[in-house]
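Peer 1: The structure under discussion is supplied below as structure tokens; questions concerning it will follow.
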RNA sequence: CGGGGUGUAGCUCAGCCUGGCAGAGCGCUACGUUCGGGACGUAGAGGCCACAGGUUCAAAUCCUGUCACCCCGACCA
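Encoded structure:
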């Protein structure tokens, strides 16, 4: 971060609620905000992220285009009342985030700051020994125009990632574009009502009629911010709820509950938009473009042959809301997409002027005109990254920390430390560490050597020094590389110098 | 919030089905031996069986409720 000219700061965790009302997120973040009140009943929130705070800080200092660009960052605790904390360090109510925010004069300038942060992230993950894949992502509750996640691929991950082996396209399933299989070409035929007793699912219906699933329309019911939504999508596809939410510009999209389905008189298993009134109809292009699709007749046990959009029904909104799956065609090059699971390590966003407008971060340009700053924000989950570092750097005996992120440079196992000459050598060693600016974890417990060696392996500092009567006889300390097991006996001075130069 | 699971010694767990003395391994304490890749012997200490009710002659065990934690879904770094 410092390397790209970012400035470290530290913001309060305790924020007045007014700041969050100003940005509108007191409402939009809803339940995930930890709220509290002081003795005078003034409202506060514990910061779940710091777009508001950073914008407020920036608004006090940025006046002219000459003040820009500015990137501020901090490494600080965030609080989120998560619906379900889980997985040890993977999802916490209280976690540490490295969060950075850039302020620029215009979108082109943001692209430069964004690219710099992006490149810095690539270097950070490489140095920490965590293999990540940058993927296109949905920006979720943070908002903004464009965003990319850095994803650590692991079967334990919470996210589904689609990867294109052909062109390198990579995206979170929430966001992923793809080309649905083509429709079966046909000229429109007259609509026809037929009996389909007991056929509830698309698979049943298709095999009952001897047609392909892509020759049907699937009806799915949702509730978007309390409003009923009827979704029509070709039978061979599933709905991506994130895309649906974005298309509707809704805050919350959930599958419709049974009471609501009943109240609205919807016939699950035989529903369609033909003749439907009283609710908004959202259609995927696949349902609109194909001809002669089989749809529900809105009567249990009956379906309609040859329904056609425009003639028989009409969508209020047409938007791509299909969920990409393994083996779907890449939208760019047509190759079959692959699916992997992954864990989100970091996320970079082009925020735009969302917060600079609501909080009031403005600058005067060369012409003396006032504009809101164009912002970007960049986060890394520290605990989550810790989990990934260990996942990516361990062997059967324990952790194998990359030197760049090891808690200590050296693990010193002291044997027979009660012997005077061993103790004297240890004092000398510690003095050398101090002089060299190295940190050491010294194990001088009166336990057996085996226990201490096992613990050293488990904790996994990159280098282990063994200091005892036997090593001193051989001329100093035994130096052992945690990963390779390579062992040498060196003098105290040589050993410390070797670690220092390797760091 | 919906679904599933678990709460017993410091830790990991058995015991619960089929009610009847509170258990094991590890750890801990003492002594002796051992001592550079998780040693051994002997002797010990250690419990409101999550909590609150109920059933019963008798409850860790059966029933009801509460709480906490873990796992699966919606949220995200």
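In the numbering used here, the protein residues as written are 25 to 527. A virtual CB, placed ideally from N, CA and C, is assigned to each residue, including glycine.
(1) Expressed to the nearest angstrom, what Euclidean distance is found between the alpha-carbon atoms of residue 194 and residue 173?
(2) Would you check if the stretch 64-73 and the stretch 360-370 touch, i.e. whether three or more CB-CB distances between them fall below 8 Å?
(3) May I ask which residues mark the beginning and end of the alpha helix (DSSP H) holding residue 76?
(4) Considering Cα atoms alone, identify which of 381, 501 and 460 is closest to residue 439.
(5) In angstroms with no decimal places, state the Cα-to-Cα distance between residue 90 and residue 137.
(6) How many angstroms separate the CA atom of residue 353 from the CA atom of residue 192?
(7) Helix, strand or coil for residue 29, going by three-state DSSP, please let me know.
(8) Using the three-state DSSP reduction, which class does residue 374 fall into: helix, strand or coil?
(9) Measuring straight from C-alpha to C-alpha, what distance separates residue 268 and residue 277?
(10) Which word fits residue 79, buried or exposed, when buried means at least 16 other C-beta atoms lie within 10 angstroms of its C-beta?
(11) Determine the burial state of residue 425: buried for a count of at least 16 other Cβ atoms within 10 Å of its Cβ, exposed for fewer.
(12) Under three-state DSSP, which class holds residue 432?
(13) Run the CB neighbour count on residue 417, radius 10 Å, all protein chains shown included, and call it buried at 16 or more, exposed below.
(14) Thinking C-beta only, is residue 271 closer than 7 Å to residue 249?
(15) In the DSSP assignment, the beta strand (DSSP E) including residue 64 goes from what residue to what residue?
(16) Out of 486, 460, 493 and 478, point me to the one whose CA is closest to residue 518's CA.
(17) What residues in its chain sit with their C-beta under 8 Å from that of residue 236, if we drop five residues either side in the sequence?
(18) What does DSSP give as the partner residue(s) for residue 386 in the beta ladder?
(19) Quick one: what's got a C-beta closer than 8 Å to residue 39's C-beta in the same chain, skipping five residues either side?
(20) Using the rule of at least 16 other Cβ atoms within 10 Å of the residue's Cβ for burial, across every protein chain shown, is residue 337 buried or exposed?
(21) For residue 206, tell me which candidate among 226, 299 and 355 has the shortest Cα-Cα distance.
(22) In whole angstroms, what is the alpha-carbon distance linking residue 132 and residue 94?
(23) Helix or strand or just coil, what does DSSP make of residue 44?
(24) State yes or no: is the C-beta of residue 307 within less than 7 Å of the C-beta of residue 339?
(25) Short check: CB of residue 266 to CB of residue 257, under 7 Å?
(26) Who pairs with residue 176 in a beta bridge, going by DSSP?
(27) Run through the stretch 222-285 for me and flag every whole alpha helix (DSSP H) of 4 or more residues, listed as ranges in chain order.
(28) Using only the alpha-carbon positions, how far apart do residue 311 and residue 28 sit?
(29) Go ahead and pull the three-state DSSP assignment for residue 439.
Peer 2: According to the data block:
(1) On the first chain, residue 194 is found 170 positions in, with the first residue counted as 1. On the first chain, residue 173 is found 149 positions in, with the first residue counted as 1. When rounded, the distance between both Cα atoms is 10 Å.
(2) no
(3) As a working mapping, residue 76 is identified with position 52 in the first chain. Here the alpha helix (DSSP H) through residue 76 covers 75-83.
(4) Locating residue 439 in the first chain gives position 415, counting from the first residue. For residue 439, the nearest C-alpha among the options comes from 501.
(5) Within the first chain, the letter at position 66 stands for residue 90. Within the first chain, the letter at position 113 stands for residue 137. If I take the Cα positions, the gap works out to 16 Å.
(6) Against the first chain, residue 353 aligns to sequence position 329. Against the first chain, residue 192 aligns to sequence position 168. Near 13 Å, if we compare the C-alpha coordinates of residue 192 and residue 353.
(7) Translated into the one-based positions of the first chain, residue 29 becomes position 5. Three-state DSSP puts residue 29 in coil, outside helix and strand.
(8) Mapped onto the first chain, residue 374 falls at position 350. Here residue 374 sits in strand by DSSP.
(9) The residue you call residue 268 lines up with position 244 of the first chain. The residue you call residue 277 lines up with position 253 of the first chain. The alpha-carbon atoms of residue 268 and residue 277 are separated by roughly 8 Å.
(10) As a working note, residue 79 is residue 55 in the first chain. Classification for residue 79: buried.
(11) One-based indexing of the first chain puts residue 425 at position 401. Its Cβ being crowded by 16 or more others within 10 Å, residue 425 is buried.
(12) As a first step, residue 432 is located in the first chain; it is residue number 408 there, counting from the start. Correct three-state label for residue 432: coil.
(13) The residue you call residue 417 lines up with position 393 of the first chain. Buried: at least 16 other Cβ atoms inside 10 Å.
(14) Sequence index remark: in the first chain, residue 249 carries index 225 (1-based). Sequence index remark: in the first chain, residue 271 carries index 247 (1-based). Contact flag unset, no.
(15) Reading the first chain from its first residue, position 40 is the one you call residue 64. Neither: residue 64 is in no beta strand (DSSP E) and is coded neither H nor E.
(16) Here residue 518 refers to the residue found at position 494 when the first chain is read from its first residue. For the residues 486, 460, 493 and 478, the minimum Cα distance to residue 518 belongs to 460.
(17) Here residue 236 corresponds to residue number 212 of the first chain, with the count starting at 1. Closer than 8 Å at the Cβ level, and outside the excluded window around residue 236, lie 208, 230 and 260.
(18) Along the first chain, one-based indexing puts residue 386 at 362. Note: residue 386 sits in a beta bridge opposite 396.
(19) As a position in the first chain, residue 39 is number 15, starting the count at 1. Taken in chain order, the residues that qualify are 68, 69, 70, 71, 76 and 77.
(20) For the purposes of this step, residue 337 is identified with residue 313 of the first chain, where counting begins at 1. That one is buried.
(21) By one-based count along the first chain, residue 206 stands at place 182. Checked all of 226, 299 and 355; the closest Cα to residue 206 is 355.
(22) Position 108 of the first chain holds residue 132. Position 70 of the first chain holds residue 94. Spanning the two alpha carbons is a distance of roughly 14 Å.
(23) By 1-based counting over the first chain, the position of residue 44 is 20. Residue 44 falls in the helix class under three-state DSSP.
(24) Looking up residue 307 in the first chain gives position 283. Looking up residue 339 in the first chain gives position 315. Closer than 7 Å, so yes.
(25) Mapped onto the first chain, residue 266 falls at position 242. Mapped onto the first chain, residue 257 falls at position 233. No, they are not a contact pair.
(26) Within the first chain, the letter at position 152 stands for residue 176. The partner list for residue 176 (beta bridge, DSSP) reads 156 and 367.
(27) 226-233 and 265-272
(28) Translated into positions along the first chain, residue 311 becomes position 287. Translated into positions along the first chain, residue 28 becomes position 4. Residue 311 and residue 28: Cα-Cα distance of roughly 48 Å.
(29) Against the first chain, residue 439 aligns to sequence position 415. Three-state result, residue 439: coil.
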